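Following this note's numbering, the numbering of the sequence shown begins with 3 at its first residue and continues without gaps. For each residue, glycine too, the CB sits at the ideal point set by N, CA and C. Remember, it's a predicted structure, so these values are computed and weren't measured experimentally.
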Amino acid sequence: MATTIEIDDLRELVAEVLDVTADSVTEDAHFMEDLGVDSLLALELAVALERKFQIRIESHEMTDITRLRDVHELMQRKVSEAA
Numbered sequence: 003m004a005t006t007i008e009i010d011d012l013r014e015l016v017a018e019v020l021d022v023t024a025d026s027v028t029e030d031a032h033f034m035e036d037l038g039v040d041s042l043l044a045l046e047l048a049v050a051l052e053r054k055f056q057i058r059i060e061s062h063e064m065t066d067i068t069r070l071r072d073v074h075e076l077m078q079r080k081v082s083e084a085a
């Protein structure tokens, strides 16, 4: 049975890594434009997600991640594949 990932849990993790408030990490907030994410922060976020969910994120997958909803979709898919 696949694990369901709560978007609010992801919001907290993303906010912590990006050093912003959880309220600013909306589903539609653009990481680069709205939250100031650069390539180093994107890498830190990928590492944090890999550790928390015990999955592997390929670099090409991170290039498609621009918003919280993208992170949620990717994590749901990765965790389902690993199950």
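Figure out for me which residue from the options has the closest Cα to the Cα of residue i.
{"i": "valine 86", "options": "Glu8, Leu47, Thr6 and Ile7", "result": "There is no way to answer for residue 86, as the model of the chain reaches only from 3 to 85."}
{"i": "glutamate 35", "options": "Leu51, Arg69 and Val16", "result": "Arg69"}
My output table needs one value for residue i: the three-state DSSP class, helix, strand or coil.
{"i": "histidine 32", "result": "coil"}
{"i": "glutamate 18", "result": "helix"}
{"i": "aspartate 40", "result": "coil"}
{"i": "arginine 13", "result": "helix"}
{"i": "valine 27", "result": "coil"}
Give a yes or no on whether the minimum CB-CB distance between residue i and chain B is below 7 Å.
{"i": "histidine 74", "result": "Here there is only one protein chain, and chain B is not present."}
Count the other C-beta atoms from every protein chain shown that fall within 10 angstroms of the C-beta of residue i, then say buried if there are 16 or more, exposed otherwise.
{"i": "lysine 80", "result": "buried"}
{"i": "leucine 45", "result": "exposed"}
Does the beta carbon of residue i fall short of 6 Å from some heavy atom of the ligand SAH?
{"i": "aspartate 40", "result": "As far as ligands go, the structure on display features none, and thus does not contain the ligand SAH."}
Evaluate the contact criterion for the stretch 55–62 versus the stretch 10–24: three or more CB pairs, one atom per stretch, below 8 Å.
Too few Cβ pairs lie closer than 8 Å, so no.
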